[in-house]
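Trainee: Below is the structure I would like to discuss, written out as structure tokens.
Numbering (my numbering), first residue to last: 69 to 395.
This is the structure in structure tokens:
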């Protein structure tokens with residue numbers, strides 16, 4: 069209502085001399101109703117001040133303080149203008165307040181946008197962590213399911229994963245690649261899900277037919293994991309971990325650098341765990357025999373770089389502690 073009255077009085081001032089007027093020499097004089105030009109803005113500001121204080125609990129404290137100060141200034145200007153003849157203090161102060169509020173609004177919007185961005189990043193980070201945890205738990209559960217088919221190889225996948233990661237870290241590979249190698253090694257034998265349990269647990273020597281059947285597990289594993297498009301490295305670990313550096317492995321007969329690096333690392337870790345673990349047909353091999361076999365396989369069965377790293381780890385006895393981590 070006061071706002072409407074103010075607009076009406078403003079319109080009237082354009083056609084009358086009730087607030088001010090100029091004489092023929094362009095001198096300024098106050099009209100008989102000049103106090104209205106100060107009283108009306110004063111009343112409007114007081115009402116605004118009252119509104120801000122009434123709703124202060126719903127507003128940001130910083131914003132309330134700014135609004136109280138900015139609304140108090142025009143009141144002071146309106147009072148001062150009554151006594152300071154010829155000065156238009158209220159419009160000047162109002163213009164300054166508009167600039168201050170505009171700046172404050174931009175700052176507030178920027179802070180709000182930054183808070184929203186921080187919340188979004190925190191949400192995405194949390195979602196990624198949950199997704200990674202679910203991914204890891206799913207892979208570990210699947211690895212346990214594979215190992216459960218053979219009582220003699222319980223924990224094999226976990227140990228190979230830990231050994232593989234140790235080799236990768238010793239080789240100075242980036243942490244992300246080390247993590248990929250760990251997960252790929254966990255599922256390197258996933259194809260054994262499709263192998264008959266009677267063959268896996270057979271205590272004696274396998275027949276040619278049985279051996280041919282068990283040699284299909286890398287291809288079966290790759291087929292199972294090929295549907296995981298976000299982690300193609302899983303498929304590489306499953307398919308190529310029985311390839312040999314000299315090209316005499318299976319299923320594709322790849323040689324040297326043609327074998328994916330992830331599979332060359334897993335091949336070393338897999339062979340080491342096979343020799344140091346009990347089987348249905350033998351006890352774990354002695355440490356000196358394992359070292360001799362590992363050294364013999366350099367450049368033939370194994371990538372020289374990663375086999376040498378495995379030998380260094382064995383000599384430092386780091387693998388004993390590593391094996392305990394996978395238990």
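Beta carbons: idealized from backbone N, C-alpha and C, even for Gly.
Between residue 358 and residue 371, what straight-line distance do the alpha-carbon atoms span, to the nearest angstrom?
Mentor: When rounded, the distance between both Cα atoms is 17 Å.
Trainee: Could you tell me whether the stretch 371-384 touches the stretch 325-337, using the rule of 3 or more Cβ pairs below 8 Å?
Mentor: Enough Cβ pairs lie closer than 8 Å, so yes.
Trainee: Determine contact between the stretch 264-272 and the stretch 287-294, defined as no fewer than three beta-carbon pairs at a distance below 8 Å.
Mentor: Flag = no, the stretch 264-272 and the stretch 287-294 do not touch.
Trainee: Compute the distance between the beta-carbons of residue 330 and residue 314, then report whether it is under 8 Å.
Mentor: No, they are not a contact pair.
Trainee: Determine the burial state of residue 332: buried for a count of at least 16 other Cβ atoms within 10 Å of its Cβ, exposed for fewer.
Mentor: Buried, by the Cβ-count rule.
Trainee: What residue from 277, 254 and 347 has the CA that sits closest to residue 271's CA?
Mentor: For the residues 277, 254 and 347, the minimum Cα distance to residue 271 belongs to 347.
Trainee: Are the stretch 223-242 and the stretch 315-322 touching by the rule of at least three beta carbon pairs closer than 8 Å?
Mentor: No, the stretch 223-242 is not in contact with the stretch 315-322.
Trainee: How should residue 177 be labelled, buried or exposed, when 16 other C-beta atoms within 10 angstroms of its C-beta is the threshold for buried?
Mentor: Exposed is the call here.
Trainee: From which residue to which residue does the alpha helix (DSSP H) around residue 255 run?
Mentor: Counting along the chain, residue 255 falls outside any alpha helix (DSSP H), and DSSP gives it neither H nor E.
Trainee: Please classify residue 380 as buried or exposed, where buried requires at least 16 neighbouring CB atoms within 10 angstroms.
Mentor: Exposed, by the Cβ-count rule.
Trainee: Using DSSP bridges, identify the partner residues of residue 366.
Mentor: According to DSSP, which records beta bridges pairwise, residue 366 is partnered with 370.
Trainee: Determine whether the beta carbon atoms of residue 306 and residue 259 lie at a separation below 8 Å.
Mentor: Their beta carbons are under 8 Å apart, which means residue 306 touches residue 259 by this criterion.
Trainee: Taking 8 Å as the threshold (beta carbon to beta carbon), is residue 258 in contact with chain B?
Mentor: Of the chains in the structure shown, none is chain B; there is only one protein chain.
Trainee: Using the Cα positions of residue 208 and residue 123, report the straight-line distance between them to the nearest angstrom.
Mentor: About 56 Å.
Trainee: Classify residue 340 as helix, strand or coil using the three-state DSSP reduction.
Mentor: Correct three-state label for residue 340: helix.
Trainee: Quick check on DSSP: helix, strand or coil for residue 350?
Mentor: Residue 350: strand per DSSP, three-state reduction.
Trainee: Quick check: the Cα distance between residue 167 and residue 143, rounded to an integer number of angstroms?
Mentor: Taking the straight line joining both Cα atoms gives about 18 Å.
Trainee: Please tell me whether, using a cut-off of 7 Å, the distance from the CB of residue 213 to the nearest non-hydrogen atom of the ligand ATP is below it.
Mentor: Questions concerning the ligand ATP fall outside what the structure shown contains, since it holds no ligand whatsoever.
Trainee: What do you get for residue 279, buried or exposed, if any count of 16 or more other CB atoms within 10 angstroms of its CB means buried?
Mentor: Result: exposed.
Trainee: Can you list, in chain order, the residues of its chain with a C-beta nearer than 7 Å to that of residue 302? Leave out the 5 residues immediately preceding and following it.
Mentor: The answer, listed in chain order, is 251, 252, 255, 293 and 296.
Trainee: May I have the straight-line CA-CA distance separating residue 213 from residue 206, to the nearest angstrom?
Mentor: Near 11 Å, if we compare the C-alpha coordinates of residue 206 and residue 213.
Trainee: Count the other C-beta atoms from every protein chain shown that fall within 10 angstroms of the C-beta of residue 300, then say buried if there are 16 or more, exposed otherwise.
Mentor: So residue 300 ends up on the exposed side.
Trainee: At what residues does the alpha helix (DSSP H) containing residue 294 begin and finish?
Mentor: First-last for residue 294: undefined, no H or E at that position.
Trainee: From which residue to which residue does the alpha helix (DSSP H) around residue 282 run?
Mentor: Unbroken alpha helix (DSSP H) run through residue 282: 276-282.
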